[in-house]
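Student: So that we are looking at the same thing, I have put the structure below in structure tokens.
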Amino acid sequence: MEIALLALIAEGTDLSLGAAMLREWYLMAPLVLVSIAVTVIGVERFLFMNKAAEQSKALFEQVTSMAQSGGKAQEIVALSENAFSGSLYKALYEGPFHPQATAAAVERSRANEVALCKKSLWFVGTMGNLAPFFGLFGTVIGIIQAFMQMAKTGGGGLQTVGPGIATALITTAAGIFVGIIAVFIFNLLNVKAGKIGHDLKNFGEQVYEQRLIRLAQAAKAPIRRAGDVGQAAHSEGAAAS
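Numbers in this note's numbering are just positions in the sequence shown, counted from 1, shifted up by 83.
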């Protein structure tokens with residue numbers, strides 16, 4: 084088979100890869116467009132998630148530092164405004180604190196941030212599944228062309244069926260290649276988004292626990308002060324008697 088193809092090339096038959104792709108441009112065009120779209124989305128999402136991971140870590144450290152130094156809730160809310168993962172801290176510090184309701188609000192905020200990271204990934208995953216079928220469609224078209232050429236010429240030599248078979252093989256290979264790239268990008272970005280979601284869960288839980296402890300301590304402080312006053316009054320009464 085390989086020797087026959089080389090013989091045809093030597094005779095001047097244009098069976099080069101580029102020529103075959105140009106000849107069947109209508110089959111290759113969708114795969115080229117899909118590969119460009121998948122690459123652009125992949126690069127954009129990768130850069131976005133890198134920036135989001137850095138910003139969420141920096142914001143967590145700032146919020147924790149402000150909370151430990153006695154910063155006001157309004158200041159923390161203002162710091163979290165328009166920042167990635169800022170909705171977690173706004174849910175914690177904006178408005179009244181209720182253990183269950185606040186925890187649910189933090190979890191909703193975390194889910195929204197993860198969904199923002201996964202924006203447009205559905206397209207990459209879908210193309211990873213569909214790209215091989217584009218290639219299969221090209222395979223079917225190429226085989227049909229080969230049989231049609233055989234019917235026209237009445238012969239079945241490689242000179243007759245070679246272009247159709249080349250189309251079939253090239254589109255199949257292109258579809259598989261694009262599918263592999265799309266699936267790789269999809270899985271890579273999904274793992275990265277999962278890591279960000281895990282970090283946000285840890286950040287939210289730590290800040291939630293810190294705020295809960297401080298509120299509990301603040302609630303006990305008046306009781307302690309009232310107890311000290313009562314004890315002092317008792318001591319004074321005992322001394323007077």
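Using N, Cα and C, we set each Cβ at its ideal position, and we do this for glycine too.
At a cut of 8 angstroms, does the stretch 252-262 reach the stretch 159-167 through at least three beta carbon pairs?
Tutor: No, the stretch 252-262 does not touch the stretch 159-167.
Student: Spatial neighbours of residue 156 within its chain, please: C-beta separation below 6 angstroms, excluding the five flanking residues on both sides.
Tutor: For this step, residue 156 is matched to residue 73 along the sequence shown. Contacts found: 176.
Student: Consult DSSP for residue 148 and reduce its assignment to one of helix, strand or coil.
Tutor: Here residue 148 refers to the residue found at position 65 when the sequence shown is read from its first residue. If DSSP states are grouped into helix, strand and coil, residue 148 belongs with the helices.
Student: At what residues does the alpha helix (DSSP H) containing residue 173 begin and finish?
Tutor: Reading the sequence shown from its first residue, position 90 is the one you call residue 173. Counting along the chain, the alpha helix (DSSP H) containing residue 173 begins and ends at 169-176.
Student: Can you have a look at residue 182 and say buried or exposed, based on whether 16 or more other CB atoms are within 10 angstroms of its CB?
Tutor: Indexing the sequence shown from 1 puts residue 182 at position 99. Answer is exposed; the Cβ neighbour count stays below 16.
Student: Between which two residues does the alpha helix (DSSP H) holding residue 165 run?
Tutor: For the purposes of this step, residue 165 is taken as the residue at position 82 of the sequence shown. Counting along the chain, residue 165 falls outside any alpha helix (DSSP H), and DSSP gives it neither H nor E.
Student: Which value, in whole angstroms, describes the spacing of the CA atoms of residue 208 and residue 254?
Tutor: Within the sequence shown, the letter at position 125 stands for residue 208. Within the sequence shown, the letter at position 171 stands for residue 254. Taking the straight line from one Cα to the other gives about 20 angstroms.
Student: For residue 275, collect the residues of the same chain with a Cβ closer than 6 angstroms to its Cβ; drop the 5 residues on either side in sequence, then sort them by chain order.
Tutor: By one-based count along the sequence shown, residue 275 stands at place 192. 132.
Student: Please report how far the alpha carbon of residue 300 lies from the alpha carbon of residue 153, in whole angstroms.
Tutor: In the sequence shown, counting from the first residue as 1, residue 300 sits at position 217. In the sequence shown, counting from the first residue as 1, residue 153 sits at position 70. When rounded, the distance between both Cα atoms is 13 angstroms.
Student: Specify the secondary structure class of residue 281 as computed by DSSP and reduced to three states.
Tutor: Here the question's residue 281 lines up with position 198 in the sequence shown. In the structure shown, residue 281 sits in a helix (DSSP, three-state: H, G or I).
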